[in-house]
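Asks: Quick one: the structure is below, questions incoming.
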Amino acid sequence: MFTRISGQSSFAGLENYISMFRSREFIEVLKNNLIYAVFSTIPAVIFGLILAIALNTRIRGRSFYRFAVFYPTILPIATASMIWVFLLSQSIGLVNHILDLLGITSGIDWVNTSPYAMISIIIVYIWKYSGYYMLLFLSGLQSIDKSLYEEAYLEGASTLSRIRRITLPLLSPTTFFVVLLAIVNSFQAVDQIYVMTKGGPHNSTNVLLYYIYEYGFVYWDTGKASSASTILFLILLITTFFYYFGLQKSVNYER
Amino acid sequence: MIRQKMTFGLIVKYAILIITSLIVLFPLLWMVSVSFKTKLELFSAPYSLLPSQISLDNYITAWGYAPFGSYYINTIVITFGLLFIQMITVTMAAFAFARMEFPGKNLLFMLFLTQLMITAQSTIYPNYMTISRLGLLNTRIGVMLPYIASAMGTFLLRQAFMALPTALEDAGKIDGCNVAQMIIHVFLPQVQSAMLAFAIMSVTNHWNEFLWPLLVTEDAGSRPLTVGLAIFAQQAEGGAEWSLLMAATLMVSLPLLLAFLIFQKMFVEAFISSGLKG
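Chains A and B are the protein sequences, given in the same order. Residue numbers for the first sequence follow my numbering, so the first one is -13 and each next one is one higher. Residue numbers for the second sequence follow my numbering, so the first one is 8 and each next one is one higher.
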């Protein structure tokens, strides 16, 4: 009798996950989060890398550039999103004004129409995190032996080929960490969704953590919120596992 | 040493840095500019960068519109209260892991590392239930409680403690220090930079925290600035009170921005050490 009851309840537990993966809404949320992760992580990491390489030179005004690019990292995401809601406002937003002046398009309702709402939250991510990734790349770059560059310089290698042959290969451990960190950040997005789009329009910017927030604390649907939490937990666990596993390895390698 | 001429590569680098800096910096300047504009000016000349006059009216209005004073106090109490408690818990845990031998040490440390991997986000639901059963909803303590121990801080400080020579401990023992005295007088003075890095990260994270306080706070008695701003925005957005909103946004961001401007180097070091080393 007892086993039968517990057997039944564990079956129901699994049923929760099955029905979740069958629901179109949840699949959409996963898809949204994946799109968000890919299209925010890749540009932000690339910008960070380019900026770090540019900044890792004897150049005038280094601390100004560093301040200008890094400051969004320390702003609360809630306030950063607020600034962008205004910049992207349909009627008096600066972004629409500039696009209009350039003759590209006019009057986009950024945060309320698809796919612009997704683009809006991606813009905020890129603006907020590129500077942080730049900083991490910069610290990786500074550990590269300068004499390698001098040799290459004397042999007449161009800036581009020095970047390709020396910088990128030696920087790959840093790149690995930055990419994982960027992925983790993209699965933790919620503040900007709450402030900018509320998951809309038509669920198009609803991502995992926002879904958990909505089901857990707006609709009070414990089952869905907990199952989605487990999925998010697994995604983050796998990503961060690689992060610390790699960290341990690279620390040993340095020694 | 490479003495570069104004090569093509260098010109490209300057161009990239200058253009990107201006683009990234612009939203901040724009927010400041709009926060000084009157509502009339905002709609008659929405795209001029310089406001026609510098008046603090929007700030005064925004401050009166919502209880920003209480929000400020809550954020300060939560952020620095947490920092104070974390300093104590983190130091003790890090010292034990770095300098003491006890059964189960490795297993416990593994558990700690696991906590590094589990981000606070994926545990909001169970945390909420706990805080709710403890009757701590809508209190500052409820906002702080999940964070009173910090795996990241323990990790950073443990590394710093481990890097110190054993001779230091011996010297302390010869002078007759007990464990507490040893930590306070011998070890802590040696790890100030790690402590500072952790403090900067902790203050930044908790000043900026949004989702958790949004869930557990209900009114101005415990609600911090970030959540207060979002709720203020929901009330103000309908009337397109952008100037007020930008003034409020700046009020929320200003303390950290100023701190960053003054201590840029320390912030940079703190973010690097927490990003790549644990």
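Where a beta carbon is used, it is the ideal one built from N, C-alpha and C, also for glycine. Computed from a predicted model, the values in this text were never measured in an experiment.
Which bits of chain B does residue 68 of chain A rub up against, with CB to CB less than 9 angstroms?
Replies: 38, 236, 237, 240, 252, 253, 255, 256, 259
Asks: For a contact defined as C-beta to C-beta under 7 angstroms, what are the partners of residue 88 of chain A on chain B?
Replies: What residue 88 of chain A touches in chain B: nothing, since even the nearest Cβ is about 14 angstroms away.
Asks: Scan the segment 87 to 141 of chain B and note each continuous alpha helix (DSSP H) run of 4 residues or more that stays entirely inside, going in chain order.
Replies: 112 to 124, 131 to 140
Asks: Does the Cβ of residue 96 of chain A have 16 or more other Cβ atoms within 10 Å, making it buried, or fewer, making it exposed?
Replies: buried
Asks: Alpha carbon to alpha carbon, how far is residue 81 of chain A from residue 182 of chain A? Give it in angstroms, no decimals.
Replies: 15 angstroms
Asks: On the three-state DSSP scale, how would you describe residue 148 of chain A?
Replies: helix
Asks: Cα-Cα, which of A:119, A:199, A:123 is closest to residue 310 of chain A?
Replies: Any property of residue 310 of chain A remains undetermined from this structure, which presents chain A solely from -13 to 241.
Asks: For residue 6 of chain A, is the classification buried or exposed, using 16 other Cβ atoms within 10 angstroms of its Cβ as the cut-off for buried?
Replies: buried
Asks: Quick one: is residue 202 of chain A near chain B, going by C-beta distance under 7 angstroms?
Replies: yes
Asks: Going by DSSP, what residue range makes up the alpha helix (DSSP H) through residue 28 of chain B?
Replies: 15 to 43
Asks: The alpha helix (DSSP H) that contains residue 269 of chain B, what's its start and end?
Replies: 249 to 269
Asks: List the endpoints of the continuous alpha helix (DSSP H) containing residue 222 of chain B.
Replies: Residue 222 of chain B: member of the alpha helix (DSSP H) spanning 218 to 223, first to last residue.
Asks: For chain E, is any of its Cβ atoms less than 7 angstroms away from the one on residue 35 of chain A?
Replies: Chain labels in this structure do not include chain E; the protein chains are A and B.
Asks: Can you check the segment 34 to 103 of chain A for any alpha helix (DSSP H) of at least 4 residues that lies completely inside it and give the ranges in chain order?
Replies: 48 to 60, 63 to 73, 80 to 87
Asks: Does the distance from the CB of residue 28 of chain B to the CB of residue 55 of chain A come in under 7 angstroms?
Replies: yes
Asks: Whole alpha helix (DSSP H) runs in the segment 153 to 182 of chain A with 4 or more residues, listed along the chain?
Replies: 154 to 173, 177 to 182
Asks: Taking all protein chains shown into account, do 16 or more other C-beta atoms lie within 10 angstroms of the C-beta of residue 141 of chain A, making it buried, or fewer, making it exposed?
Replies: Of the residues assessed, residue 141 of chain A falls on the exposed side of the cut-off, its CB having fewer than 16 other CB atoms within 10 angstroms.
Asks: Please report the distance separating the alpha-carbon of residue 266 of chain B from that of residue 143 of chain A.
Replies: 42 angstroms
Asks: What first and last residue would you give for the alpha helix (DSSP H) that runs through residue 142 of chain A?
Replies: Element bounds for residue 142 of chain A: n/a, residue is neither H nor E.
Asks: Output needed for residue 232 of chain A: all residues of its chain with C-beta closer than 8 angstroms, excluding positions within five of it in sequence on either side, in chain order.
Replies: For residue 232 of chain A, where only same-chain residues beyond five positions count, the Cβ hits under 8 angstroms are 159, 162, 163, 166.
Asks: Since residue 122 of chain B and residue 167 of chain B should fall inside the 8 angstroms C-beta cutoff, what is the C-beta to C-beta distance between them, to a whole number of angstroms?
Replies: Actually they are not in contact, since the Cβ atoms of residue 122 of chain B and residue 167 of chain B sit about 19 angstroms apart, beyond 8 angstroms.
Asks: Under 8 angstroms by Cβ, that's how I've got residue 15 of chain A and residue 193 of chain A pegged, so tell me the actual separation to the nearest angstrom.
Replies: 6 angstroms
Asks: Hey, does residue 282 of chain B have any beta-carbon neighbour from chain A nearer than 7 angstroms?
Replies: Chain A places a beta carbon closer than 7 angstroms to that of residue 282 of chain B, counting this residue as a contact.
Asks: Between residue 85 of chain A and the rest of its own chain, which residues show a CB-CB distance below 6 angstroms, the 5 nearest in sequence each way excluded?
Replies: Taken in chain order, the residues that qualify are 91.
Asks: Could you work out which residues of chain B lie near residue 45 of chain A, taking near to mean beta carbons separated by less than 9 angstroms?
Replies: Using a Cβ-Cβ cut-off of 9 angstroms, residue 45 of chain A is close to 17, 20, 21, 24 of chain B, given in chain order.
Asks: Taking only beta carbons into account, state which residues of the segment 143 to 154 of chain A come closer than 8 angstroms to chain B, listed in chain order.
Replies: 144, 145, 146
Asks: Can you list, in chain order, the residues of its chain whose CB lies under 8 angstroms from that of residue 187 of chain A, leaving out five sequence neighbours each side?
Replies: 98, 99, 100, 103
Asks: Just the C-alpha distance for residue 171 of chain B and residue 67 of chain B, rounded to the nearest angstrom, thanks.
Replies: Note on geometry: alpha-carbon atoms of residue 171 of chain B and residue 67 of chain B lie some 52 angstroms from one another.
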